[in-house]
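Novice:
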Amino acid sequence: MQERRELFPNVIELNFQARRRLGCCVYLVYGQSDWMLLDIGYEDTVDELIDLIRQMDFPLANCRYLVATHADADHVQGFVRAKELLPGARLVAHPHARRILESNDRIAAFAEIPAQQISINLPALQIDLEIDEGDQLSLDGINLDVWHTPGHAVGQLAFRFGKLLFSGDNIFRDGCVGSIDAHHGSDLPAFIRSLQRIQGSGVEWLLPSHGPAFRNDRRLLQSAIDRLDRYQHMADFGTCAVDWPLLDDWEEELARGVHPAQ
Ligand SMILES: [Zn+2]
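The opening position of the sequence shown corresponds to residue 4 in our numbering, with each subsequent residue numbered one higher.
1) Should residue 84 go down as buried or exposed, given a rule of 16 or more other Cβ atoms within 10 Å for buried?
2) Between residue 247 and the rest of its own chain, which residues show a CB-CB distance below 8 Å, the 5 nearest in sequence each way excluded?
3) If I'm right that residue 48 touches residue 160 with Cβ under 8 Å, what's the distance once you round it to whole angstroms?
4) Hey, how far is the Cα of residue 207 from the Cα of residue 195?
5) Using CA coordinates, which residue listed in 227, 26, 90, 189 is at the minimum distance from residue 202?
6) Check each candidate in 177, 96, 205, 172 and name the one with the smallest Cα separation from residue 189.
7) Have a look at the DSSP bridge pairing and note the partners of residue 66.
8) Assess contact between the stretch 177–187 and the stretch 211–227, defined as three or more Cβ pairs (one per stretch) separated by less than 8 Å. Is contact present?
9) Alpha carbon to alpha carbon, what distance is there between residue 40 and residue 212?
10) Pick from 182, 147, 150: whose alpha carbon is nearest that of residue 156?
11) Compute the Euclidean distance between the alpha carbons of residue 64 and residue 169, then round it to the nearest angstrom.
12) Compare the Cα-Cα distances from residue 36 to each of 101, 143, 25, 118 and report the closest residue.
13) Return the Cβ separation of residue 104 and residue 130 in integer angstroms, given the expectation that the two are a contact with Cβ distance under 8 Å.
14) At a cut-off of 7 Å, is residue 77 close to ligand 1 when judged by its beta-carbon and the heavy atoms of the ligand?
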C-alpha cells in the first residue's frame, strides 16, 4: 500500500500524490467508505491514475462520482476509460457541460483548434447526473456544495468543502485565469461575478484545476478582477468585450471633423 499524501483532510490530489505532473489536477475526495474524483485528465494517464488510487487502498467499487468541473478535453477526455475501470461511478456535470459533451461539440471543448492544428480525440460522453448551483454532492460523511461559476466556460463548476473551494479554472496561483475565448463560451461579466464571489466567500484555500493549491488572497483576486474589468472595454478578446470606448470617441471626433494629425 502506498501512503496517502493528503492535501487537506479527506482530500488527495493525484499529481501531488504521484510527485509528478500527469495533467490537470485530479482531486480524490473521500468519505468513510466511498469516494469521488473531480476531473480525470487525458485518456493516456487514466490507467496510471487508477492504479495509484488502488495502491492507496481505495476500493474501486466504492467510487460514487466522476465529476467534470467543466467540459474541456484536457479535463474530461479520460472519463470513458475511467468508467470502464470504475463501473459503479456516475458521471456528473453541469447541464451546459452536458450539452457540449453529449453533442460532442469539439470547438467548445477545446478538442479542435484548426488555427493551431490541434485536433484531439474526444469520446462522446453520456452524463448520468446533472448538478447545478445549490446542489450537494454527498459521500458517506462528506458534503460538497455545488457552485455554478461561469466565465471561463458556461458550465464551469466549483465545489465548496468547508474552508476549501475546488475552484476549477476560475483562477490559478499566479493570478492567471482560465482562458477567455468566445468560441468556448467565455463571458467576461460572468467571469468577474464568479471571481468576486470567490473573493468574498470566506473560503480559505483554493484548490484549482491546474497548479498547486493556494490561499484565497483578496489582492490576487482583485488584480484578476481589475484585469478582466479592463478587458470588458478593450478589443483584446473581441466579442467578449461589452463595449469599446475608442469607437465612441472616434464617432464623436468624426462628427466634429477632428483631423487626427492636427
Ligand atoms: Zn483547464
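Ideal placement from N, C-alpha and C gives every residue a C-beta, glycine not left out.
Specialist: Walking through what the data contain:
1) buried
2) 236, 237, 238
3) Going by Cβ atoms, the distance from residue 48 to residue 160 rounds to 22 Å, so no, they are not a contact pair.
4) 19 Å
5) 227
6) 172
7) 38
8) yes
9) 12 Å
10) 182
11) 24 Å
12) 143
13) 6 Å
14) yes
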